[in-house]
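Everything on this sheet refers to the single structure shown next.
Protein chains: 2
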Amino acid sequence: MPESEFDGLRTLPPLSGLQDGNFERLFADATLQSCTAQIVLLTEGAPPDHLFILVSGAVELFAQWQDRETTMEVLRSPACFFLAETVSGADCLMSARTLEPTRMILVPVEAVHAILAEDAGFVRAVAAELADRVQLSVRATKNLKMRTSLERLANFILSLQDMADGRTWIELPTEKRKLASQLGMTPENLSRALKGLQAYGVKVDGGRVSVSNRDELAKFAKPHPLIDRR
Amino acid sequence: MPESEFDGLRTLPPLSGLQDGNFERLFADATLQSCTAQIVLLTEGAPPDHLFILVSGAVELFAQWQDRETTMEVLRSPACFFLAETVSGADCLMSARTLEPTRMILVPVEAVHAILAEDAGFVRAVAAELADRVQLSVRATKNLKMRTSLERLANFILSLQDMADGRTWIELPTEKRKLASQLGMTPENLSRALKGLQAYGVKVDGGRVSVSNRDELAKFAKPHPLIDRR
DNA sequence: CGACGTGTTGATGCTCGTCAACCACAGTGG
DNA sequence: CCACTGTGGTTGACGAGCATCAACACGTCG
Chain C
1 MPESEFDGLR TLPPLSGLQD GNFERLFADA TLQSCTAQIV LLTEGAPPDH
51 LFILVSGAVE LFAQWQDRET TMEVLRSPAC FFLAETVSGA DCLMSARTLE
101 PTRMILVPVE AVHAILAEDA GFVRAVAAEL ADRVQLSVRA TKNLKMRTSL
151 ERLANFILSL QDMADGRTWI ELPTEKRKLA SQLGMTPENL SRALKGLQAY
201 GVKVDGGRVS VSNRDELAKF AKPHPLIDRR
Chain F
1 MPESEFDGLR TLPPLSGLQD GNFERLFADA TLQSCTAQIV LLTEGAPPDH
51 LFILVSGAVE LFAQWQDRET TMEVLRSPAC FFLAETVSGA DCLMSARTLE
101 PTRMILVPVE AVHAILAEDA GFVRAVAAEL ADRVQLSVRA TKNLKMRTSL
151 ERLANFILSL QDMADGRTWI ELPTEKRKLA SQLGMTPENL SRALKGLQAY
201 GVKVDGGRVS VSNRDELAKF AKPHPLIDRR
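Line by line, the protein sequences are chains C and F. Per the UniProt record's numbering, residue 1 is the first one in the first sequence, and the count goes up by one each step. Per the UniProt record's numbering, residue 1 is the first one in the second sequence, and the count goes up by one each step.
In structure tokens:
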């Protein structure tokens, strides 16, 4: 496996804590996998056999119960996932599928455990990453329990705009039906909600949105640093 | 601080990883605090100055946004909380208040950091605990997004019954209004939902419930190992 | 006792999901 | 080139799920 291509991953949170040559050791046992879109990588209910590291592309984490399905998260490179399950060895609570052609590195859980047993810096970085994920989950729960779907959408668009430094038209990160599921609503409801936000200066054109007056939208959305990512 | 009284805490997940005399070192800087019910221990928005370890009693973690408030979790001793915030140093995303007369140990975050820097076993135990919390959060989110409030209540009662080994009448762990908020519904809706579950053999008497026929209730609730704690 | 907090019940309406129809668009194959 | 088909998005009609508001019952406590 060529080293150079993955040097960018050295700064990715849990890997950034790796000492000495452990980055190379971890990757020695890993395999690089390329996938087309719509490939299910793992189905919930089994313990993970790999830690996944997204090198390019995008992956959806989703869950099912009865005949219902919900998008839990959409990840874009660089990112790693199933870290908590890798650490605990517990069954995965979510399934994963690619949304685009995607390349990723699969590190066998045994290899991760071996390094965890020796490399205190790595353990610390893993703990920090997990602490971060706990707090992201708390934010998500607050978002779900204290806001209506219109409020969630409005805040989502605001956070999109924050990451779009200055551009007026912002591409939605996924298809609308995934976005709806992420936000905890149906596609039909998202469609209507986007219309509803026109009253606050939100314009929609296909898969792109624009905010004509941020303050006006924020006055409705009331974003909060303890719910929405800064 | 008398050692003997807290020996039971040696097996509490994050503390169980402490090596040698670090249990004593951690507690050397700690203070024991006793509170009556309804005391706010910490308000969301500030970084935590202590790691909290519940020795007796019960604590509610809750969050606020605008004029809305929601119960995120109810903890009973023994338990520790604000671990993720202690590790990351980030602002607390939740407030905490006592629900009963409660005793707890407050460990200054600096003391925790000092031990984290030296004791690899502790770091590993913290990472394991945080991994566990990540997965609990995922379960909670699945519960919220894929189930109706009636289904959440039914599954909650089933899990109560699982912990009640054999007793027919089970005490609800909190007042109904807290329970409602925990489950993401209003008190009024909980009241009606409890009536609705009578059709599946659930009886209610004040703060106690009983399940006359587990299978009948389970047939409606459809509990699932990847959502409800086993 | 009166005051207060919790729980319940009823009336009402909003939020949102469901179902169906329809449109736009891309890909396919005759 | 043009039907044919499938997919994602939108719209409308409808109803389930749920919150809100008000009233009241019941217990606890000053």
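Virtual Cβ for every residue (Gly too), placed ideally from N, Cα, C. Only a predicted model underlies this, so the values are computations on that prediction, with no experimental measurement involved.
Kindly say whether residue i, judged by its beta-carbon, lies nearer than 8 Å to any beta-carbon of chain F.
| i | result |
| --- | --- |
| D132/C | yes |
| R230/C | no |
| P2/C | Because P2/C carries a pLDDT of 48, less than 50, the predicted location of this residue cannot be relied on, and no value is offered for it. |
| T70/C | yes |
| D91/C | yes |
| P14/C | no |
| M94/C | yes |
| M163/C | no |
| A28/C | no |
| residue 232/C | Nothing can be reported for residue 232/C, as the shown portion of chain C is limited to 1 through 230. |
| V123/C | yes |
| A63/C | yes |
| V87/C | yes |
| K178/C | no |
| E44/C | yes |
What are the residues that DSSP puts in a beta bridge with residue i?
| i | result |
| --- | --- |
| L51/F | V107/F |
| residue 231/C | Any answer about residue 231/C is impossible in this case: the structure gives chain C only from 1 up to 230. |
| A96/F | L42/F, L61/F |
Under 8 Å between C-beta atoms, does residue i make it to chain C?
| i | result |
| --- | --- |
| V126/F | yes |
| T11/F | no |
| V204/F | no |
| R139/F | yes |
| G207/F | no |
| L217/F | no |
| V112/F | no |
| L75/F | no |
| H50/F | no |
Of the residues the options, which one's Cα is nearest the Cα of residue i?
| i | options | result |
| --- | --- | --- |
| L99/C | R208/C, L194/C, E24/C, P173/C | P173/C |
| V74/F | Q182/F, A218/F, D205/F | Q182/F |
| P13/F | R208/F, V40/F, V123/F, K195/F | V123/F |
| L26/C | P108/C, P223/C, T148/C | P108/C |
| residue 299/F | D228/F, P48/F, E24/F | Lying outside 1 to 230, the shown extent of chain F, residue 299/F is not represented and no answer is given. |
| G121/C | E171/C, P225/C, G21/C | G21/C |
| D168/F | E188/F, N213/F, E175/F | Per the sequence presented here, residue 168/F reads as Thr, with Asp not at that position. It is N213/F whose Cα lies nearest to the Cα of T168/F. |
| P101/F | S77/F, L130/F, L160/F | S77/F |
| A218/F | A199/F, I39/F, F82/F, N155/F | N155/F |
| L54/F | Q66/F, P47/F, L41/F, W65/F | L41/F |
| A111/F | A30/F, D215/F, G206/F | A30/F |
| R230/F | L93/C, Q66/C, A114/C | L93/C |
| F52/C | K203/C, D67/C, S34/C | S34/C |
| A58/C | R10/C, P187/C, E175/C | E175/C |
| F81/C | D49/C, Q66/C, G8/C | D49/C |
| D162/F | D215/F, P47/F, A193/F, D67/F | D215/F |
| T186/F | Q38/F, R68/F, A28/F, G206/F | R68/F |
| A28/C | G206/C, M72/C, A114/C | A114/C |
Residue j and residue i - do their beta-carbons sit closer together than 8 Å?
| i | j | result |
| --- | --- | --- |
| I105/F | L32/F | yes |
| L116/C | L153/C | no |
| T70/C | A79/C | no |
| S95/C | T43/C | yes |
| A180/C | T141/F | no |
| G201/C | V211/C | yes |
| A84/F | E151/F | no |
| K178/F | E60/F | yes |
| V138/F | A131/C | no |
| K145/C | G184/F | yes |
| L160/C | D91/F | no |
| S56/C | R103/C | yes |
| N136/C | P223/C | A small correction: the amino acid at residue 136/C is Leu; Asn does not occupy that position in the sequence shown. No, they are not a contact pair. |
| A128/C | V126/F | no |
| D119/F | L18/F | yes |
| R208/C | E171/C | yes |
| V204/C | R133/F | no |
| G89/F | P47/F | yes |
| S193/C | S149/C | Correcting the residue identity first, residue 193/C is Ala in this sequence and not Ser. Yes, the Cβ-Cβ distance between A193/C and S149/C is below 8 Å. |
Could I get the ranges of all uninterrupted alpha helix (DSSP H) runs contained in the UniProt domain "HTH crp-type" (147-215) of chain F, with 4 residues as the minimum, in chain order? Complete alpha helix (DSSP H) runs here, min 4: 149-162, 176-182, 187-196.
Residue ranges of each beta strand (DSSP E) run of no fewer than 3 residues wholly in the stretch 57-94 of chain C, ordered along the chain? Within the stretch 57-94 of chain C, complete beta strand (DSSP E) segments of at least 3 residues are found at 58-65, 68-76, 79-81, given in chain order.
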